[in-house]
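To convert, count from 1 in the sequence shown and add 92; that's this note's numbering. These notes are about the structure you will find just below.
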Amino acid sequence: MKPKVLIGVTGGIAAYKTADIVSQLVKAHVDVRVVMTEAATRFIAPLTFAALSQQKVLTTTFPDNSSGEKDVIYPHLYPATEADAFVVAPATADSLAKLAHGFGDDIVCCSALSLKPDCKRIFCPAMNVQMWEQSIVRENSRKLLEMGWHQIGPEKGWLACGTHGYGRMSSPSAIVQIILHSIF
Ligand SMILES: Cc1cc2nc3c(=O)[nH]c(=O)nc-3n(C[C@H](O)[C@H](O)[C@H](O)COP(=O)(O)O)c2cc1C
Numbered sequence: 093m094k095p096k097v098l099i100g101v102t103g104g105i106a107a108y109k110t111a112d113i114v115s116q117l118v119k120a121h122v123d124v125r126v127v128m129t130e131a132a133t134r135f136i137a138p139l140t141f142a143a144l145s146q147q148k149v150l151t152t153t154f155p156d157n158s159s160g161e162k163d164v165i166y167p168h169l170y171p172a173t174e175a176d177a178f179v180v181a182p183a184t185a186d187s188l189a190k191l192a193h194g195f196g197d198d199i200v201c202c203s204a205l206s207l208k209p210d211c212k213r214i215f216c217p218a219m220n221v222q223m224w225e226q227s228i229v230r231e232n233s234r235k236l237l238e239m240g241w242h243q244i245g246p247e248k249g250w251l252a253c254g255t256h257g258y259g260r261m262s263s264p265s266a267i268v269q270i271i272l273h274s275i276f
């Protein structure tokens, strides 16, 4: 059976790079599902991820119909409860705060609340250098690490907002390599 990876996309510029992550994982014979915050859908269309993964993309914690089938009626549980790895990429400052504090008010952070205990949890921060250097953002990242999450990046370099420093999301290939290592 293919390993299952759930990708949580949150609302940062680097969301376009996550399409490449999904594409590479699919090529590596991984069963990939994608959940997106409302903000993420402002940066990249759910259709892109649906086309790459050939799976339905979830953008809300509420079902889009009342069919009664469990995987339709409980978006906050399926596919999250079945994932072997959960990867938040890009992880915004906002999503780090929510994940670190157990919020459940969007489909990405709510999925995180439904993961199996042995599911690998990975976050890939991406933001402006001054955001990344805020003590509250670092504190939230530290909290996630203490809870067993793995952090990938951010890297130092040119940032989309026109500044330079730490804040770039790691390259899709580097992230994919670590994901594959964690599930195979
Ligand atoms: C053009 C633009 C780019 C943004 N890029 C980032 C980013 O790279 N990282 C980040 O943490 N927030 C970024 N933000 C702010 C987030 O989109 C905002 O905090 C949003 O509420 C995050 O929602 P989410 O965490 O639910 O996806 C950006 C906002 C705009 C308008």
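Beta carbons: idealized from backbone N, C-alpha and C, even for Gly.
Alpha carbon to alpha carbon, what distance is there between Gly259 and Pro171?
Looking at the backbone, the Cα of Pro171 and that of Gly259 are separated by about 29 Å.
Leu188 and Val221 closer than 8 Å at C-beta:
Contact: no.
Would Ala218 and Ala183 qualify as a contact pair, given that the criterion is a beta-carbon distance under 8 Å?
Ala218 is a Cβ neighbour of Ala183, given a cutoff of 8 Å.
Reduced DSSP secondary structure (H/G/I, E/B, other) of Lys170
Residue identity differs from the one stated: residue 170 is Tyr in this sequence, not Lys. In this structure, Tyr170 counts as coil in the three-state DSSP scheme.
Let me make sure I understand the geometry here. Which of Lys190, Glu238, Thr110, Glu174 has the alpha-carbon closest to that of Met93?
Measuring from the Cα of Met93, the nearest candidate turns out to be Glu174.
Using a Cβ-Cβ cut-off of 8 Å, state whether Arg213 counts as contacting chain C.
Note that chain C does not occur in the displayed structure, where there is just one protein chain.
Can His168 and Ile214 be called in contact, C-beta distance under 8 Å?
In this structure, Ile214 does not lie closer than 8 Å to His168 by Cβ.
Rounded separation between Gly245 and Met261 - CA only:
Using only the alpha carbons, I get a separation of about 6 Å.
For the alpha helix (DSSP H) containing Glu231, list its first residue and its last residue.
From DSSP, the alpha helix (DSSP H) with Glu231 extends over 227–238.
Quick one: Cα of Ser159 to Cα of Tyr108, how far?
Rounded to whole angstroms, Ser159 to Tyr108 spans 32 Å at the Cα level.
Using C-beta distances below 7 Å, list every residue in its chain close to Val229, excluding the 5 sequence neighbours before and after it, in chain order.
For Val229, where only same-chain residues beyond five positions count, the Cβ hits under 7 Å are Ala185, Leu188, Met223.
Measure the C-alpha to C-alpha separation of Ser205 and Val126 and round it to an integer number of angstroms.
Just to set this straight, residue 205 is Leu in the shown sequence, not Ser. It is roughly 16 Å from the alpha-carbon of Leu205 to the alpha-carbon of Val126.
Cβ neighbour criterion (16 or more within 10 Å) applied to Asn358:
No information on residue 358 is available, as it lies outside the stretch 93 to 276 that the chain covers here.
Please report the straight-line C-alpha distance between Ile105 and Gly194, rounded to a whole angstrom.
For the pair Ile105 and Gly194, the Cα-to-Cα distance works out to about 24 Å.
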